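Q: Residue numbers (my numbering): 1 to 607.
Glycine included, C-beta positions come from ideal geometry on N, C-alpha and C.
From a predicted model like this one, the values you see are computed outputs, not experimental measurements.
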């Protein structure tokens, strides 16, 4: 009987029973000796962070049967779906990258199972790619029309359509500004809104840009129009210094462009003096005096803020450094009483109260002399210098020590009295080479000689200005009146006082200068000038008039001094025109006829 497979199986079963081998053990699938599972393909790929990416899982070659893909190690950061079969030998997984932009790589491993078994695991390495930031920006913003000093605003919106974070700042230039934070940090899809304020201080058309530091190649155009309610002339106010004066000041104009009056409040640096408030009529002008404090000699740049209920504007102000200003701390150089022929010396002192160093020079006429005639004095310094005299002629000597420093000039009065020498050596006549000493103090004092004067004998004014400021003049001079005018730009003060000089002789025969303060002298504004109207003057006399400024606080200071002379008041007859010879004869004939008529009247017969 042939051995068939069933019979062989029966024989094998019997043998197993005889040998005690269990015949009900679990049956294992048949394995083909020498066969291996398919080999999966390892991958190295790039994935985009935004969205999800499908990754195909494959094997090398063909298996000819359905395959099952197994995830052995999941990704460390992102999310991975279960494998999904798309073909008999191919499956796909879906990978979702992490949101953390700091993570740029990830990986997972997988194996493949076939009828012959499961393969070794292979790795899929992923590089996460981010899209560059991409801002969506408005092209232009129109701020419409506003009044100068007022403001309006618009909103600027930007968003990031890219993958990476957009980080930077929004930058605008005046007259625009950003109200709030100017920085942004935008992820993909984020939106930022900025409040941009248009606040012009002057009128005109304006165009600028908003720039973005993360994308310098892109910008937003900004446009706006400003109408001026108040204009300043000039656009920047620069103070000026009068030579020799420690004050830097100026008068500037504001113009009201509106149909109604405007009242403005003025605010500025504490080192400037300005009015606290000013009212400008419709389409009118107002003059604003500005004065810098002499306590701060340095240059500075500041501004004056003009504020109204609905707007405010700022006017830049430039204050130059205070130039060298020299003052004589010695009001009079007096030698006193000297002996003739004996040299003597006295000193005068100068100080520089300005903010820069300067050179000052001086000169004097004989019999006075100086050993040096110039010096450079630093700011805040004081220096003394000698003046000498030697004269053999008795008399009273009075003159000026004239000083000059650039455009500044001033004088110091100098006086001395030479009374006679105490001792003198003289050569005796007729005896060659012999000398004798004569004690002049024992001799009777000679009669007082005519004073030898170094011009002038009577100083015209110890406090005179060597140079009258430009624009100052005395006009309409009559025997009893005159008008003194000066430019308003000489001082920011609005109140003044008029002083008039009086000369007196003291008991020692010296000339004294006294300044009187007459009341009732009207001072009025005439355009850009001030005018003091003097009346009740004496005819035919010299006059010295000093104009003093009266600041709101502090002492009065001299602005300038001028001199003039009133003409003499002529008699009435002298004012009549001189008659001709024919007119004289006619008057004589008329007089003779009148006399004869009178005589006839007296002798007429009485009836």
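1. Could you tell me the boundaries of the beta strand (DSSP E) in which residue 559 lies?
2. Taking the beta carbon of residue 495 as the centre, do at least 16 other beta carbons fall within 10 Å, making it buried, or is it exposed?
3. Ends of the beta strand (DSSP E) at residue 377?
4. Could you tell me the boundaries of the beta strand (DSSP E) in which residue 361 lies?
5. I'd like to check one pair, residue 300 with residue 278: are the Cβ atoms closer than 7 Å?
6. Spatial neighbours of residue 452 within its chain, please: C-beta separation below 6 Å, excluding the five flanking residues on both sides.
7. Would the beta-carbon of residue 49 fall within 7 Å of that of residue 163?
8. Taking buried to mean at least 16 other C-beta atoms within 10 Å of its own C-beta, is residue 45 buried or exposed?
9. Beta strand (DSSP E) containing residue 197: first to last residue?
10. Report the option in 345, 338, 380, 340 whose CA atom is closest to the CA atom of residue 352.
11. Measuring only the C-alpha atoms, how far is residue 471 from residue 199?
12. Going along the chain, which residues of its own chain have a beta-carbon closer than 7 Å to the beta-carbon of residue 209, five neighbours each way excluded?
13. Please work out which residues of its chain come closer than 6 Å, Cβ to Cβ, to residue 455, disregarding the five sequence neighbours upstream and downstream, and give them in chain order.
14. Please list the terminal residues of the continuous beta strand (DSSP E) segment that includes residue 494.
15. Give the single residue among 69, 87, 35, 515 whose Cα lies nearest to the Cα of residue 116.
16. Which class does residue 516 belong to by DSSP, given the choice of helix, strand or coil?
17. Enumerated in chain order, which unbroken segments of the beta strand (DSSP E) with a length of 3 residues or greater are wholly contained in the stretch 126-160?
18. Please say whether residue 203 and residue 148 have beta carbons closer to each other than 7 Å?
19. Buried or exposed, going by whether 16 or more other CB atoms sit within 10 Å of the CB of residue 183?
20. Rounded to whole angstroms, what's the CA-CA distance from residue 236 to residue 274? Just pull it up for me.
21. So for residue 124, helix, strand or coil by DSSP?
22. Run through DSSP, which three-state label would residue 355 get?
23. For a quick check, are the C-beta atoms of residue 344 and residue 387 less than 7 Å apart?
24. Could you give the C-beta distance for residue 548 and residue 557, rounded to a whole number, given that I count them as a contact under 8 Å?
25. For residue 257, does the three-state DSSP call read helix, strand or coil?
26. Using the C-alpha atoms, what's the distance from residue 85 back to residue 56?
27. Taking all protein chains shown into account, decide if residue 583 is buried (16 or more other Cβ within 10 angstroms of its Cβ) or exposed.
28. List the endpoints of the continuous beta strand (DSSP E) containing residue 285.
29. Touch check for the stretch 398-417 and the stretch 351-368: three-plus C-beta pairs under 8 Å?
30. Would you grab the beta carbon distance between residue 233 and residue 213 for me? Rounded to a whole angstrom, and I think it's under 8 Å.
31. How about residue 254: is its C-beta nearer than 7 Å to some C-beta of chain B?
32. Using DSSP with H/G/I as helix, E/B as strand and the rest coil, what is residue 43?
33. Taking the beta strand (DSSP E) that residue 608 belongs to, which residues open and close that run?
34. Am I right that residue 550 and residue 497 are in contact with their C-beta atoms under 8 Å? What's the rounded C-beta distance?
35. Would DSSP call residue 276 helix, strand or coil?
36. Could you say if the stretch 369-380 and the stretch 332-342 meet the contact criterion of at least three C-beta pairs nearer than 8 Å?
A: According to the structure data:
1. Mapped onto the chain shown, residue 559 falls at position 559. Unbroken beta strand (DSSP E) run through residue 559: 557-565.
2. Counting from 1 along the chain shown, the entry for residue 495 is found at position 495. By the neighbour-count rule (16 or more Cβ atoms within 10 Å), residue 495 is not buried but exposed.
3. Here residue 377 corresponds to residue number 377 of the chain shown, with the count starting at 1. Here the beta strand (DSSP E) through residue 377 covers 374-377.
4. For the purposes of this step, residue 361 is taken as residue 361 along the chain shown, with counting starting at 1. If you look at residue 361, you'll find it in the beta strand (DSSP E) that goes 358-363.
5. Stepping through the chain shown from its first residue, residue 278 is reached at position 278. Stepping through the chain shown from its first residue, residue 300 is reached at position 300. Not closer than 7 Å, so no.
6. The sequence position of residue 452 within the chain shown is 452, counting from 1. Unreliable placement is indicated for residue 452, whose pLDDT of 37 sits below 50; the coordinate value is still reported in the next sentence. Cβ neighbours of residue 452 within its own chain (closer than 6 Å, five residues either side excluded): 393, 395.
7. Counting from 1 along the chain shown, the entry for residue 49 is found at position 49. Counting from 1 along the chain shown, the entry for residue 163 is found at position 163. Inclusion of residue 49 and residue 163 in the CB contact set at 7 Å is warranted, their separation being smaller than that value.
8. Within the chain shown, the letter at position 45 stands for residue 45. Its Cβ having fewer than 16 others within 10 Å, residue 45 is exposed.
9. Taking the first residue of the chain shown as 1, we reach residue 197 at position 197. Segment 191-198, the beta strand (DSSP E) holding residue 197.
10. Your numbering for residue 352 matches position 352 in the chain shown. For residue 352, the nearest C-alpha among the options comes from 380.
11. Walking along the chain shown from the start, residue 471 turns up at place 471. Walking along the chain shown from the start, residue 199 turns up at place 199. The straight-line gap separating the alpha-carbon atoms of residue 471 and residue 199 is approximately 41 Å.
12. The residue labelled residue 209 in the question sits at position 209 within the chain shown. So the qualifying residues of the chain are 219, 220, 221, 222.
13. For the purposes of this step, residue 455 is identified with residue 455 of the chain shown, where counting begins at 1. For residue 455, the predicted structure reports a pLDDT of 35, less than 50, and the residue's modelled location is therefore unreliable. A value from the coordinates is still provided. Here the set comprises nothing.
14. Taking the first residue of the chain shown as position 1, residue 494 is located at position 494. Residue 494 -> no beta strand (DSSP E), and no H or E assigned at all.
15. Here residue 116 refers to the residue found at position 116 when the chain shown is read from its first residue. Selected option, being the one with the closest Cα: 35.
16. On the chain shown, position 516 is the one that residue 516 refers to. Per DSSP, reduced to three states, the secondary structure at residue 516 is strand.
17. Every beta strand (DSSP E) stretch that sits fully inside the stretch 126-160 and reaches 3 residues is listed by chain position as 135-137, 140-147, 152-160.
18. In the chain shown, residue 148 corresponds to position 148, counting from 1. In the chain shown, residue 203 corresponds to position 203, counting from 1. Contact flag set, yes.
19. Here residue 183 refers to the residue found at position 183 when the chain shown is read from its first residue. By the Cβ neighbour-count rule, residue 183 is exposed, with fewer than 16 other Cβ atoms within 10 Å of its own.
20. Start at 1 with the first residue of the chain shown, and residue 236 comes out as number 236. Start at 1 with the first residue of the chain shown, and residue 274 comes out as number 274. Each residue's Cα considered, the two are about 15 Å apart.
21. Mapped onto the chain shown, residue 124 falls at position 124. Strand at residue 124.
22. Counting from one through the chain shown, the residue named residue 355 turns up at place 355. If DSSP states are grouped into helix, strand and coil, residue 355 belongs with coil.
23. As a first step, residue 344 is located in the chain shown; it is residue number 344 there, counting from the start. As a first step, residue 387 is located in the chain shown; it is residue number 387 there, counting from the start. The criterion of a C-beta distance shorter than 7 Å is not satisfied by residue 344 and residue 387.
24. Within the chain shown, residue 548 is the residue found at index 548, counting from 1. Within the chain shown, residue 557 is the residue found at index 557, counting from 1. 7 Å between Cβ atoms; contact.
25. Within the chain shown, numbered from 1, the residue matching residue 257 stands at position 257. In the structure shown, residue 257 sits in coil (DSSP, three-state: anything other than H, G, I, E or B).
26. Here residue 56 refers to the residue found at position 56 of the chain shown. Here residue 85 refers to the residue found at position 85 of the chain shown. Each residue's alpha carbon lies about 10 Å from the other.
27. Along the chain shown, read from residue 1 onward, the residue named residue 583 stands at position 583. Label assigned to residue 583: exposed.
28. For the purposes of this step, residue 285 is taken as the residue at position 285 of the chain shown. 285-292 is the extent of the beta strand (DSSP E) around residue 285.
29. At 8 Å Cβ cutoff, the stretches touch.
30. Translated into positions along the chain shown, residue 233 becomes position 233. Translated into positions along the chain shown, residue 213 becomes position 213. Actually they are not in contact, since the Cβ atoms of residue 233 and residue 213 sit about 39 Å apart, beyond 8 Å.
31. No chain B is present in this structure, which holds just one protein chain.
32. Taking the first residue of the chain shown as position 1, residue 43 is located at position 43. Reduced to three states, the DSSP call for residue 43 is strand.
33. Outside the displayed range of the chain (1 to 607) lies residue 608, so it cannot be described from this structure.
34. Mapped onto the chain shown, residue 550 falls at position 550. Mapped onto the chain shown, residue 497 falls at position 497. Contact holds; Cβ gap of about 6 Å.
35. In the chain shown, the residue the question calls residue 276 occupies position 276. DSSP places residue 276 in coil when its eight states are reduced to three.
36. Verdict: no, contact absent.
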